[in-house]
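Heads up: the sequence shown at position 197 corresponds to 197 in our numbering, and the numbers run straight through without jumps.
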Amino acid sequence: VFGTQDLRGSWAEWEFRSGGKNGDGASPHYPFTILLPWTLGDVMVLEADISVEGLNTVNETGVPIMAHPPLIYSDNTFEEWLEAALNRSTKGLKLDFKSIKAVGPCLDMLRKQTEKGRVQRPVWINADIVNGPNVPIPIGIDGATYPNVTLSVGWTTRYNANRTYTQHMIETMHKLVKDLPQKVTFPVRAVMARAAWPHFSWLLRQSERYSLTLWQSTSDPLTVDDLLYIRKHSAPHQIYYDLFDPLLSDFKQLAQKHKSCLSRG
Numbered sequence: 001v002f003g004t005q006d007l008r009g010s011w012a013e014w015e016f017r018s019g020g021k022n023g024d025g026a027s028p029h030y031p032f033t034i035l036l037p038w039t040l041g042d043v044m045v046l047e048a049d050i051s052v053e054g055l056n057t058v059n060e061t062g063v064p065i066m067a068h069p070p071l072i073y074s075d076n077t078f079e080e081w082l083e084a085a086l087n088r089s090t091k092g093l094k095l096d097f098k099s100i101k102a103v104g105p106c107l108d109m110l111r112k113q114t115e116k117g118r119v120q121r122p123v124w125i126n127a128d129i130v131n132g133p134n135v136p137i138p139i140g141i142d143g144a145t146y147p148n149v150t151l152s153v154g155w156t157t158r159y160n161a162n163r164t165y166t167q168h169m170i171e172t173m174h175k176l177v178k179d180l181p182q183k184v185t186f187p188v189r190a191v192m193a194r195a196a197w198p199h200f201s202w203l204l205r206q207s208e209r210y211s212l213t214l215w216q217s218t219s220d221p222l223t224v225d226d227l228l229y230i231r232k233h234s235a236p237h238q239i240y241y242d243l244f245d246p247l248l249s250d251f252k253q254l255a256q257k258h259k260s261c262l263s264r265g
């Protein structure tokens, strides 16, 4: 949590603790990029895809903008988005950096707003920093300067039905973050997670600070059974879900039904 002494942990923990319950990562729901916070109802977290204006061209300005690759121009700067989010909502923020060049300027802006007492909410920082399945080039991020955020650091991936995360990839990530003070969530491509579950189960056992965030691409052949398998073999507070409907709704319904059956004995 960035900028508050009262709220600790991740999105679901923050929400559930107000009711005296244990956090469940199936609860957070959040939209992407530039959706306006005052239209979002019960959405808990706003996600910002952030790049740099004119990235890697002669027109590069260094100004952080709201854009997802391959876009390098936008009508919305990160500064404008942050101002709107802080003024008109109390939602948590997830900053998804698509270029390492945007990290420093954005966190400087966030720090200034924090010092003014305006960032009383959870903040996650996300970037891919380690080679993952089928992608050879990593993106880097240094989060050690910001001890009060939750780091969301993962692997660059490309879907291939015959390949998944390896123990070596996961051990490499653990070595990079094991000595950091922050809580860490690892974004994992959900369609590849079940096949690599022994490796991820090992990772979660290495630190109480660790969790996974399962994410989905629109073309991934992910099933509810895959998600239920992972939920069965993990604690609810260890797994978060960044998924599309109707899959997300179907999963939550079945997970809640299973939980109710267990409660009745």
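For every residue, glycine included, the Cβ atom is placed at its ideal position computed from N, Cα and C.
Separation of the CB atoms of V188 and R209 is rounded to 16 Å, and the pair is thereby denied contact status at 8 Å. The beta carbon of S74 is closer than 7 Å to those of I65, M66 and A67 in its chain, skipping five residues each way along the sequence.
The shortest C-alpha to C-alpha distance from Q216 to any of D245, R231, A235 and L228 is the one to D245.
Rounded to whole angstroms, K98 and P69 show a C-alpha spacing of 7 Å. R194 is positioned such that its CB atom lies closer than 8 Å to that of Y229. Taking 8 Å as the upper bound for CB-CB distance, G62 and K101 are in contact here, some 7 Å apart. For the options F251, S211, L254 and L227, the alpha carbon positioned closest to that of H237 is the one of S211. According to DSSP, residue pairing for W124 in a beta bridge involves K94 and T150. For S51, the three-state secondary structure derived from DSSP is strand. Contact between L95 and W124 holds: CB atoms are separated by about 7 Å, below the 8 Å threshold. Looking at the DSSP output, D242 bridges to W215. Around the beta carbon of A196, 16 or more other beta carbons sit within 10 angstroms, so the residue counts as buried. With contacts defined by Cβ atoms closer than 8 Å, F200 and V153 do not form a contacting pair.
As computed with DSSP, M66 is found in a beta bridge with I50.
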